[in-house]
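Working notes, beginning with the structure itself.
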Amino acid sequence: MESINEYLVVGDNIDENNNNNNESTTQQQQDGNVHFNLTSNISDLDINVNNQTNSPSSTSNVSFVTDSNQSITSTSTVPTTTTSTTSTTTTPPTTTTSESVVVESTEDKIKPIKWNIVPTSNNPTPRFDNTLVQYQGYLYLFGGSEVGSEMKSAFSHFQRLYLDTMAWQSLPCTTVTSRVLHTAIVHENAMYIYGGGIYEDEKSSYFWSSNTKKLFKTIGSLLKFDFLTNEWTTLGEHQPRDGHSSVVVGDNIYVMGGSQTVYQKGSIFSVFFNTTEVYNITTNKWRQINSPQFGRLGAAASYGLSEDKKFIYYFGGYDQSGRSNNDLWRLNLETETWRLSEQFAEFQSMLRYIYSGDETIVTLDNCIPLLHLSDLYMIDRLKTICEAKAIEGIEFDTVVALYKQADFYKLSSLRQTCVTYIAKNHKDVLATGTLNDVDSSFLLEIMYCLDPSLNQKSNDNQESSKIVK
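The sequence shown runs 913 to 1381 under the numbering used here.
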C-alpha cells in the first residue's frame, strides 16, 4: 500500500502523518565578466569572457545591451568552487499573472484524484468522534461514539489496522476511560490522548428508579500509550476540554480551542475556550500562551514551515453562536503570537480540491498562492496543476516573476518555459524593466539558451584555468 499522499478515513476523523522536509538548493557559480549585446540576430552577439583565476573569489558581471542602448548590469560575488547549501522554506517571490495564450502544457503529468473504500477484515463497529493515528505500518483507532435509538455510548475500544494485510485487531485497554471528541497525536514511540468527553449514567430522581439518562461530561485526563511496550499510562489531569485541536511540534503538544460542558442548577451549557495550552512532553508541564478571541469547536489544525519560520495553522470550526467559520489563523511558534492569515480564501480552495478533486479551483489569480500552499502541505498533484496554470499566464511583464517562482519551488517545466520565452522575446521583456534585479546566473542561462555553444566555451575556459593553476 502506498503511503505517499494517501489518506485512510475511519469514522469521521483523519490523521495525516505529514513530515515536512527541508529543500536542498545548489548555488551555481559563474566566474568571469561577460558582456552580451542583445540584438535581433544571434549572429550579432558580442561576447567577452574574461576569467579571473588568481583569486579565491571573483565578481561576475553580466551586461545586456539592446539596439536602443538600453542596458542592464547584474553583479554578484561568488566563490570559485561550487558549494551546496541546505535551507528551509523562505519567503516566495511575489507575482501577478494575467491571461494569455498557453505556451506549454503539463497536463500529461496530471493524474485524476479518486477516493476509494478500502476493503478490510475484522472491521470495528460504526462510530464517529473517534481518532486515528499512524505509527510505522499500523493505524491506531481509539474511542468514538455510536448513536443508538435512545441513548449515546462511548467506546473504549482500542484497535489497530495492519496496512500490509488490511486486517483489524483489537488491543487491550481495560484501564482506559472511554471518550469522544478527544485528540490523539504521535510523538516518537508513543501516542498521547488528551481531553474529550464521556457519557455517564445519571438517575432521573433521588429515589431509586430503573430510568436513567446519559449525560455528557467533559474530561481533562492526559493518556500515553507506549507502542513498544503496549502499556497505558495516565500522565495527569488538566483543564477539561472537548472538541479541541492538537498539534505536536518537537517536544510540545499545542492544544487550541474546544469547550467544556457545564451543569449548573438544572441547566446545561458549554464554555468555549479562547486559550492555547502547551504541554511539554519532556518536563510533563503545562503552560498557556495568549490567543485571539476565536473560541470554537471542530477546527482543523496543521503544522508547517513558511518564511524560514515554524507555524501552526488553524482553520474553520464553529463558535458559541453556532456559526461556522472559514478564517485561517496562524501561530508563529518563535514569537508565540497568533495572526489572521490573508490566505484563508486560497486555503479554503485547497480544502475543496482535496475533498472533491475539482481542478477548476486553480485560476490565474490564485495559482501562485495555491502553489505555496501545495508546496507547504506536500500536495504534489495540486502543485503540478498550479504549474500548468502559471505557464498559461506567461507574458512579457510576468515571465521574470514566474521564473523566480519556478526557481524557488523547483518547477523544471515552468522554469524552462520561462527561460525559452525570454530568450525568444528578450527585447520586449527587457523593455518592461523586470530584468533589472535578476541574478547574473539567470542572465547567463538566457544567453546559453540563445546560443548553446557559449556554455561549451565557458566550460573550456574553466578547464584552461585549472591547467594554468
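Beta carbons are placed, not taken as given, at the ideal position from N, Cα and C, and that holds for glycine.
Please return the same chain residues whose Cβ sits closer than 8 Å to the Cβ of Ala1102, not counting the five positions on each side in sequence. Counting only Cβ-Cβ distances below 8 Å, and skipping sequence neighbours, we find Lys1136, Phe1137, Asp1138 and Phe1139.
Could you give the DSSP three-state label for Tyr1050: helix, strand or coil? strand
Contained beta strand (DSSP E) runs [length at least 3] in the stretch 1209-1278, N- to C-terminal order: 1212-1218, 1221-1227, 1240-1244 and 1249-1252
As assigned by DSSP and simplified to three states, the class of Met1168: strand
State the DSSP-derived secondary structure class of Phe1354, mapped to helix, strand or coil. It is helical.
Using the Cα positions of Asn973 and Gly1155, report the straight-line distance between them to the nearest angstrom. Bear in mind that a pLDDT of 44 at Asn973, under 50, signals an unreliable position, so the number given afterwards is only what the model happens to contain. Approximately 59 Å between the Cα atoms of the pair.
Spatial neighbours of Val1274 within its chain, please: C-beta separation below 7 Å, excluding the five flanking residues on both sides. Leu1282, Ile1297, Cys1298 and Lys1301
Nearest-angstrom Cα separation, counted from Met1359 out to Ala1353: It should be pointed out that residue 1353 corresponds to Ser in this sequence rather than to Ala. So the two alpha carbons sit approximately 10 Å from each other.
At which residues does the beta strand (DSSP E) containing Gly1133 begin and terminate? According to the sequence as given, residue 1133 is Ser; it is not Gly. Segment Ser1133 to Asp1138, the beta strand (DSSP E) holding Ser1133.
Grab me the residues of Arg1091's own chain with a C-beta within less than 7 Å of its C-beta, minus the 5 sequence neighbours each way, in chain order. Gly1055, Ala1066, Gly1108, Gly1109, Ile1110 and Ile1131
Which word fits Gln1317, buried or exposed, when buried means at least 16 other C-beta atoms lie within 10 angstroms of its C-beta? buried
Report the residue from Asn1164, His1150, Trp1027 and Ile1334 whose alpha carbon sits nearest the alpha carbon of Glu1248. Asn1164
Rounded to the nearest angstrom, what separates Glu935 and Thr1146 at their Cα positions? Note that Glu935 scores a pLDDT of 38, beneath 50, so its modelled location is shaky; the value from the coordinates is reported in the next line. Glu935 and Thr1146: Cα-Cα distance of roughly 39 Å.
Less than 8 Å between the CB atoms is what I'm expecting for Thr1032 and Trp1080, so what's the real figure, rounded? 6 Å
Sheet register partners of Phe1184 (DSSP bridge): Ser1171
Can you tell me which residues form a DSSP beta bridge with His1099? Ala1102
Range covered by the beta strand (DSSP E) that runs through Ser1082: Element bounds for Ser1082: Ala1079 to Leu1083.
Determine, using beta carbons only, whether Pro1152 and Gln1172 come nearer to each other than 9 Å. yes
May I ask you to report which of helix, strand or coil DSSP gives Val977? At Val977, the pLDDT of 45 sits below 50, so the modelled position is not reliable; the number obtained from the coordinates is stated separately. Looking at Val977 - three-state DSSP - the assignment turns out to be strand.
Quick one: measure Cβ to Cβ for Gln1232 and Phe1184, integer angstroms, because I've assumed they're closer than 8 Å. 5 Å
If you follow the alpha helix (DSSP H) that Val1311 is part of, which residue opens it and which one closes it? Val1311 to Phe1320
Going by beta carbon distance, what residues of the same chain come within less than 6 Å of Cys1279, once the five residues before and after it are set aside? Cys1298, Lys1301 and Ala1302
Below 8 Å CB to CB, which residues in the same chain sit around Asn1196 once its five sequence neighbours on both sides are set aside? Leu1147 and Gly1148
Less than 9 Å between the beta carbons of Trp1144 and Val1088, yes or no? yes
Supposed close pair Ala1213, Tyr1225 - CB separation, criterion 8 Å: 7 Å
Exposed or buried, Gln1176, counting other C-beta atoms within 10 Å across all chains shown (16 or more means buried)? Per the 10 Å Cβ criterion, exposed.
Taking 6 Å as the limit between beta carbons, can you name the residues of its chain near Gly1269, skipping five residues before and five after? Ile1025
Using DSSP with H/G/I as helix, E/B as strand and the rest coil, what is Leu1147? strand
Enumerate in chain order the residues of its own chain whose CB-to-CB distance from Phe1223 is below 7 Å, with the five nearest sequence positions on each side excluded. Gly1216, Arg1242, Leu1243, Asn1244 and Leu1245
How about Ser1236 and Met1262: do their beta carbons lie closer than 9 Å? With respect to Met1262, Ser1236 sits apart: the two C-beta atoms are not nearer than 9 Å.
Ignore the nearest five residues each way along the sequence and tell me which others in Lys1221's own chain have a CB closer than 7 Å to its CB. Asn1244 and Glu1246
What's the call for Asn1042, buried or exposed, on a 16-neighbour Cβ count within 10 Å? buried
Between Thr1095, Ile1029 and Gln1071, which lies nearest to Thr1086 when the distance is taken from Cα to Cα? Gln1071
Say the cut is 8 Å; is the CB of Leu1044 nearer than that to a heavy atom of the ligand HEM? The ligand HEM is not part of the structure shown, which contains no ligands of any sort.
Based on DSSP bridge pairs, tell me the residues matched to Asn1112. At residue 1112 the sequence reads Glu, which differs from the Asn that was named. Answer is Leu1127, bridged to Glu1112.
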